[in-house]
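Trainee: Letter by letter, the sequence shown follows residues 34 to 96 in the numbering used here.
For every residue, glycine included, the Cβ atom is placed at its ideal position computed from N, Cα and C.
These figures come from a predicted structure and were not determined experimentally.
Below is a structure I'd like to ask you about.
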Amino acid sequence: MIVALRPDVKARLEAIEVEDGMPVLDQIVQAVEVWSHLTTPERKTIGIIAMQLVVARAHGGRT
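In structure tokens:
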């Protein structure tokens, strides 16, 4: 499987690797594994929460 990431996403994953010590590939695998175990309503809920966090941060909010 080949995963293509936008440059900004790749840069963020690389920064997380430096911060947390988790290699980029491990981050991707972990995220996909967790996502795959959620039900449709759970995935929708997590998606909404994640978007709210990102929007709040973009508008100067704290998360």
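May I ask which residues mark the beginning and end of the alpha helix (DSSP H) holding D58?
Mentor: Inspection of the sequence shows that residue 58 is occupied by Leu rather than by Asp. Note, L58: alpha helix (DSSP H), 57-69.
Trainee: Which residue from L46, I82, V65 puts its Cα closest to that of P56?
Mentor: L46
Trainee: Is the Cβ-Cβ distance between E50 and Q63 less than 9 angstroms?
Mentor: no
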